[in-house]
Each structure stands twice: as structure tokens, then as C-alpha cells.
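In the UniProt record's numbering, the protein residues as written are 1 to 300.
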Amino acid sequence: MKMYKKIAKIIPIAVLSSSVLFSPGMTFAAEKTDGKLIRNGAVILLSDQANTSSYYPQPNSDPYKEPDLTVTAQTKIVPATNSDFIKIIKYVDGNTTGFYGIKNGQFIVEVNVNGKTKTYPVQSEGFQKIAQKQDLLAGTQFKQEIRWKRIYNRLQPKSAPHQWSVSETHGINKANMTELAYSVGAEVGSTLDGITGKITGSISQKFSTTTTITDQATQTITDTFPAKPDNYPYNDYRVAIYQKEEMYTVIPGENLKQALKDIEAVAKANNIPCDLSSASTLTQFDYVTDELRPIVTPNS
Numbered sequence: 001m002k003m004y005k006k007i008a009k010i011i012p013i014a015v016l017s018s019s020v021l022f023s024p025g026m027t028f029a030a031e032k033t034d035g036k037l038i039r040n041g042a043v044i045l046l047s048d049q050a051n052t053s054s055y056y057p058q059p060n061s062d063p064y065k066e067p068d069l070t071v072t073a074q075t076k077i078v079p080a081t082n083s084d085f086i087k088i089i090k091y092v093d094g095n096t097t098g099f100y101g102i103k104n105g106q107f108i109v110e111v112n113v114n115g116k117t118k119t120y121p122v123q124s125e126g127f128q129k130i131a132q133k134q135d136l137l138a139g140t141q142f143k144q145e146i147r148w149k150r151i152y153n154r155l156q157p158k159s160a161p162h163q164w165s166v167s168e169t170h171g172i173n174k175a176n177m178t179e180l181a182y183s184v185g186a187e188v189g190s191t192l193d194g195i196t197g198k199i200t201g202s203i204s205q206k207f208s209t210t211t212t213i214t215d216q217a218t219q220t221i222t223d224t225f226p227a228k229p230d231n232y233p234y235n236d237y238r239v240a241i242y243q244k245e246e247m248y249t250v251i252p253g254e255n256l257k258q259a260l261k262d263i264e265a266v267a268k269a270n271n272i273p274c275d276l277s278s279a280s281t282l283t284q285f286d287y288v289t290d291e292l293r294p295i296v297t298p299n300s
């Protein structure tokens, strides 16, 4: 896992749709402090049109009210298709592990051999009959939930500026890469090194959102909110920092739920090597992004 500290540096100001970029650590005279977003270590000032409560956590006008621990911004649900890889149960045979799954009406197994993932058709008539059932994936869905988790929370006297600093971890390590892939219907492919693009593409295609999957890294971000003006009505103001997370879930439909029971029966009857403890659940994964949302009590 990479670890590094984000050092403030001067970068060109650029207009990105309805946002403006600055380097972290910069302060702004009479600045608009309620529209900040930090992405990849750079401060973005959101426009009023972009800075909405439907997507970003918003500050309360009362600094003595505790901000929410989590804020759910958006939930999208899309139907599964035959081209999606639906992980079913874990494959276990000696020192070889992997996952059974269904794709394009076929029961397949993905196993890891010497650091590379190989995909094979499953030589089981019982399994294949289940995979080939019409409308097997009817009602099965993928869900994306975008939420913000509070990682920093402070009260500050109104006469003093507040410099905040957080050490945040984002991205994903290789050990968890396959679970994230399966949670969005993507196959692993030959190596883990090439899977991030598949996951990013699957998310974009399904949910029409832009999420770039990156290796896990830790960085320290620092920025400053200025002191409040004399006419500010409270003795203190509050600063809170949120980090964006994306939760991906496979929701099985009734046909797939029945198929899971049938698969368990076939596996037991034919001594097929697998871990049946995972047969009752499918996949869910939380992906932590590098986006931070700092909020501060408004001046009035």
C-alpha cells in the first residue's frame, strides 16, 4: 500500500465544467467556503448549481448540532444481463481456490493458478442445466449506493482560523480486487493487474457514473478555513470532513435464489469441490474513493 503526504503546491487555475481547481492549503479572501471538494489532493470550488444536497453533504447553520456520521447521496439499481458474471459459490480443491459463476447461460469457474486467473467451463450436467434455465437472472439487480462517511469533526472559536488535517486511505488492494469485480458483474481475467480497467468500465456502463479504480494508497490532506467575521452570530463554528464511498451489491431475484438452492443440492449429490457456506449470499463491496468533502458552518 502506498503512503505519501500531499504537499501544497501552486497549480494553474482551470475551469472544469462548473468547478474551479486550487491547490490544498491556499486561502481565499472573502472566500466561498461552502462549496469545497477535494479530489486527488486538489481543492475544487463547486458552483451553486453543482453544490446540492442531493449529492454533497451540507453544513448546518447551527454549529452545535452534530453532523451526520454518514450521508447517502445517491442510489442506482440496474438489471443484471446474461453477459454479466454472477458469482455463485467458492471453488475449493486442495490448494486451489476460485469461484463458480454464471455468464452467458454457462456455468464456469475462475481459479487462480500461479498468480494468474484461468476460466474453465464446469463439467457438470446438473450445474449447466441450472445455468441454462430461461429467465434465470430475471429480477436480479446490481445496486450502486454513493455515500459520504464523516472522518473529521471539530468545533473552533469564531475568532481563529481552523487548519484541518486528515490521513485518508482510498483505493483497493489486490487481495480484494476479485470481490469488487464480482460485485459489478465483471470477470477477473488473466491477471489482477489488468482488472481495474474492466471494473471501471463495468461501473460506467451500468450506472453512467465516472469512478476510476486505483491501487490502495494513504495520503495526508491539509487545508484551512478562515476565521468568522465579526457579525457571525455564534461563539464557535464547526468543521467536518466527509470521504466518499461507493457500495456495490448484487441483489438476487427469485429465480436466482431458487437456483442457489438447486446448485447446493447438485454439489452435495455429486461431491463437487466447493464451499457451500457462501451459497446463500452473493456479493457486496465498499469502494473508498479519494474524494473529500469539507464543510463549515456558514457565516450567516
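The beta-carbon is built from N, C-alpha and C at its ideal position, and this holds for glycine as well.
These numbers were taken from a predicted model, which means no experiment stands behind them.
Whole-number beta carbon distance between residue j and residue i, since they are thought to touch under 8 Å
i: residue 251; j: residue 141; result: 4 Å
i: residue 121; j: residue 106; result: 6 Å
i: residue 38; j: residue 292; result: 4 Å
Contact under 8 Å by Cβ, residue i with residue j
i: residue 234; j: residue 63; result: yes
i: residue 108; j: residue 119; result: yes
i: residue 41; j: residue 221; result: yes
i: residue 294; j: residue 223; result: yes
i: residue 288; j: residue 170; result: yes
i: residue 207; j: residue 296; result: no
i: residue 239; j: residue 164; result: yes
i: residue 247; j: residue 125; result: no
i: residue 216; j: residue 168; result: no
Delimiting residues of the alpha helix (DSSP H) encompassing residue i
i: residue 262; result: 254-269
i: residue 180; result: 177-183
i: residue 204; result: 195-207
i: residue 49; result: That residue, residue 49, is in no alpha helix (DSSP H); it is neither H nor E in DSSP.
i: residue 304; result: A query on residue 304 cannot be resolved here, the shown segment of the chain reaching from 1 to 300 and no further.
Cutoff 8 Å; reference residue i; Cβ partners in own chain excluding five residues on either side
i: residue 92; result: 273, 274, 275
i: residue 98; result: 90, 91, 109, 110, 111, 112, 117
i: residue 104; result: 82, 83
i: residue 68; result: 57, 150
Residue range of the unbroken beta strand (DSSP E) whose run includes residue i
i: residue 187; result: No beta strand (DSSP E) contains residue 187, which DSSP labels as neither H nor E.
i: residue 244; result: 236-251
i: residue 38; result: 36-39
i: residue 101; result: 96-103
i: residue 73; result: 70-79
i: residue 128; result: Taken as a continuous stretch (DSSP letters only), residue 128 belongs to no beta strand (DSSP E), being part of the alpha helix (DSSP H) at 125-131.
i: residue 222; result: 217-225
i: residue 118; result: 116-121
Sequence-distant residues of its chain with Cβ nearer than 7 Å to residue i (five each side left out)
i: residue 199; result: 180, 181, 184, 186, 213
i: residue 298; result: 34, 59, 61
i: residue 80; result: 86, 137, 140, 141, 142, 185
i: residue 160; result: 227
i: residue 55; result: 73, 74
i: residue 156; result: 162, 236, 237, 239
Rounded straight-line distance, which links the Cα of residue j to that of residue i
i: residue 253; j: residue 136; result: 8 Å
i: residue 143; j: residue 245; result: 14 Å
i: residue 263; j: residue 129; result: 10 Å
i: residue 228; j: residue 76; result: 39 Å
i: residue 90; j: residue 151; result: 34 Å
i: residue 290; j: residue 166; result: 12 Å
i: residue 51; j: residue 71; result: 15 Å
i: residue 82; j: residue 172; result: 27 Å
i: residue 284; j: residue 44; result: 31 Å
i: residue 255; j: residue 201; result: 27 Å
i: residue 286; j: residue 57; result: 19 Å
i: residue 48; j: residue 225; result: 19 Å
i: residue 249; j: residue 154; result: 33 Å
i: residue 158; j: residue 65; result: 16 Å
i: residue 232; j: residue 210; result: 39 Å
i: residue 306; j: residue 127; result: The displayed coordinates of the chain run from 1 to 300. Any statement about residue 306 would go beyond what the structure contains.
i: residue 204; j: residue 197; result: 11 Å
i: residue 271; j: residue 95; result: 17 Å
i: residue 114; j: residue 266; result: 29 Å
i: residue 134; j: residue 123; result: 20 Å
i: residue 188; j: residue 36; result: 36 Å
i: residue 230; j: residue 53; result: 28 Å
i: residue 300; j: residue 46; result: 19 Å
Proximity test, residue i beta-carbon vs the ligand MG heavy atom, cut-off 7 Å
i: residue 52; result: What this structure holds is no ligand at all, so the ligand MG is not there to describe.
Residues of its chain near residue i, where Cβ-Cβ distance is below 6 Å and the 5 sequence neighbours each way are ignored
i: residue 86; result: 101, 102
i: residue 261; result: none
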